[in-house]
Structure formats: C-alpha cells, structure tokens
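Enquirer: Protein chains in written order, with our numbering: chain A, 857 to 969; chain B, 896 to 1010.
Just dropping this structure here.
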C-alpha cells in the first residue's frame, strides 16, 4: 500500500514564526502536492512538484514556499506564519499519468496563535 | 478547462436508505474521474475511479459510480447506507491534458446518516 506520511498531525505555532511541514511518500511517485482545506472552501492547491527540485504554483501560493530536494520528500514552508494560515494541510503524491489517483496523508491541523 | 460541480453540500439519509451523491464535470477531453472519501480529521481516501472501459465502476465499502458521457455526470451511489458512511465525499477530474496528475476537486458533499 502507498504510504504518505505527514510529520505532524497537530501543530501550534506563533505569528511570525517560520513553519515547516514535512511530507514523505514511499511509492517512488514523481508528483507531490500540498493542499489546504478550510470549511466551505474545499481543497485548494498551494504548490505541486513533478520532479526533484521542480515546483509549480497552485491556486494559492502566497505566503508559502516549498522544497523538494529528494524524490520522496516534499516540504511546505510558511515563511512568516499568520493567523489566516490556520488550516488543515494535506499532502498527496501520485504517478504523473493522468489516470493515476493521488494518495493522501492524514493531514496536519495547524493553528497559528 | 476542466471543472467539477457537486450538487448539494450536505446530504442526509436514514440508515438503510439509498445514498446518491451527485457530481457533474466539464471537460474538453476524455475525462478521468475519481471519488474520494474523507472521515473526520483524516486525509482523503480513494473510493473509486473511472479511466476507460466499463462505465459502471465499483469501489470500496459498497459504493459504485456510473460515468454518463451524455449527461457529463459521475454520480456516486450505495444501495443501503450505514452509519459508518458518514463522511465528506469529493469528486475530482484529472487535468491530464494540461498537467498530468493534477486533480480538479469539487467542493465536497457532507453525508449524514440518521439512525
């Protein structure tokens, strides 16, 4: 079975902190994704990566950056956390073909105080 | 550009009743379609997918969906709801023509099951 592991289930940080969310997958997937999920807004794509050191902006990249130094790991970085970044963050991975599903981690519920 | 519309943000059924969650898509190319389920405080889990071939697709937990090209629909059904089916359900279409592997998600439908 595909395993996508997010480093924390719950995280509390303070405004202005630099926050790192880590995601690791074990299926040699080329694609990796970061979403945030808010009530009433569904899933919104922040960034995705289709190869090591490659990244593409999603729908809401402002205030975020990403890093993919190794194929299995995709990190989301909040450069200076703000309260409006309090949310559920979901990582996913997939093979590049369009008929392949994305596999999701369990999510990180991040609170910025 | 592809898009997905899920009709009804909340659906409530009684235990044992039919579950019908509606999904319509827009796509200028042959679509690849997916249904995911999300239980509280968890990630999304794949229920089923349609890529090519048989238009009636069976998934996990007794769910199935039928691809109807003429209606641009991919509705999710289950003959008899169980309390454990209470969750949020997402329909998605692949943006394969533009960016392989990227999915376009609907807004989600929250399913409640009454005893």
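No residue lacks a Cβ here, since even glycine has one placed at the ideal position from N, Cα and C.
According to the Cβ coordinates, are residue 888 (chain A) and residue 930 (chain A) closer than 7 Å?
Expert: Result yes, Cβ atoms of residue 888 (chain A) and residue 930 (chain A) sit closer than 7 Å.
Enquirer: So with Cβ pairs under 7 Å, would you call residue 950 (chain B) a contact of chain A?
Expert: Output row for residue 950 (chain B): interface = no.
Enquirer: Going along chain A in order, which residues have a C-beta closer than 8 Å to the C-beta of residue 937 (chain B)?
Expert: 962, 963, listed in chain order.
Enquirer: Buried or exposed: residue 966 (chain A), going by 16 or more other Cβ atoms within 10 Å of its Cβ?
Expert: Buried, because 16 or more other Cβ atoms sit within 10 Å of the Cβ of residue 966 (chain A).
Enquirer: Ends of the beta strand (DSSP E) at residue 952 (chain B)?
Expert: Element bounds for residue 952 (chain B): 951 to 953.
Enquirer: I want to see whether chain A comes within less than 7 Å of residue 1002 (chain B), judged by CB atoms only; does it?
Expert: Output row for residue 1002 (chain B): interface = yes.
Enquirer: Can you pull the chain B residues whose beta carbon is under 8 Å from the beta carbon of residue 898 (chain A), in chain order?
Expert: Going along chain B in sequence order, the residues near residue 898 (chain A) (Cβ under 8 Å) are 985, 1000, 1001, 1002, 1003.
Enquirer: Quick one: list the residues of chain B neighbouring residue 956 (chain A), beta-carbon separation under 7 Å, in chain order.
Expert: Correct list: 996.
Enquirer: Kindly confirm or deny that the region 902 to 920 of chain B and the region 897 to 916 of chain A touch, where touching means at least three C-beta pairs closer than 8 Å.
Expert: These segments do not touch.
Enquirer: Count the other CB atoms, across all protein chains shown, that sit within 10 Å of the CB of residue 1011 (chain B); report buried if there are 16 or more and exposed otherwise.
Expert: Residue 1011 (chain B) is absent from the model: chain B starts at 896 and stops at 1010.
Enquirer: Which of the three DSSP states, helix, strand or coil, is assigned to residue 955 (chain A)?
Expert: In the structure shown, residue 955 (chain A) sits in coil (DSSP, three-state: anything other than H, G, I, E or B).
Enquirer: Determine the closest residue to residue 1010 (chain B) out of B:1000, B:980, B:988, with distance taken between C-alpha atoms.
Expert: The candidate whose alpha carbon is nearest that of residue 1010 (chain B) is B:980.
Enquirer: Taking only beta-carbon atoms, is residue 950 (chain A) less than 7 Å away from chain B?
Expert: Yes, residue 950 (chain A) lies at the interface with chain B (some Cβ there is under 7 Å from its Cβ).
Enquirer: Bridge partners for residue 970 (chain B) per DSSP, in chain order?
Expert: Per DSSP, B:961.
Enquirer: When you compare the CB positions of residue 978 (chain B) and residue 952 (chain B), do they come within less than 7 Å of one another, or not?
Expert: Against a cut-off of 7 Å, the Cβ pair of residue 952 (chain B) and residue 978 (chain B) comes out as no contact.
Enquirer: Under 7 Å between the Cβ atoms of residue 984 (chain B) and residue 915 (chain B)?
Expert: Contact: no.
Enquirer: Does the region 874 to 883 of chain A come within contact of the region 898 to 910 of chain A, defined as at least 3 CB pairs closer than 8 Å?
Expert: Contact between the region 874 to 883 of chain A and the region 898 to 910 of chain A is absent, because fewer than three Cβ pairs lie under 8 Å.
Enquirer: Hey, residue 918 (chain B) and residue 901 (chain B): beta-carbon distance below 7 Å or not?
Expert: Going by C-beta atoms, residue 918 (chain B) is nearer than 7 Å to residue 901 (chain B).
Enquirer: Give the C-beta separation of residue 933 (chain A) and residue 874 (chain A) to the nearest angstrom, bearing in mind that I take them to be a contact with Cβ-Cβ under 8 Å.
Expert: Right, their Cβ atoms sit about 7 Å apart.
Enquirer: Quick test of your reading: residue 945 (chain B) and residue 969 (chain B), contact by CB under 8 Å. State the CB separation rounded to the nearest angstrom.
Expert: Indeed, because the Cβ distance is near 6 Å, the residues count as touching under 8 Å.
Enquirer: If you measure from the beta carbon of residue 963 (chain B) to each beta carbon in chain A, is any gap under 7 Å?
Expert: It does not; no Cβ of chain A falls within 7 Å.
Enquirer: Check this for me: beta carbons of residue 1000 (chain B) and residue 899 (chain A), under 7 Å apart or not?
Expert: The answer is yes: Cβ separation under 7 Å.
Enquirer: What does the Cβ neighbour count give for residue 924 (chain B), buried or exposed, with the cut at 16 atoms within 10 Å?
Expert: By the 10 Å Cβ count, residue 924 (chain B) comes out exposed.
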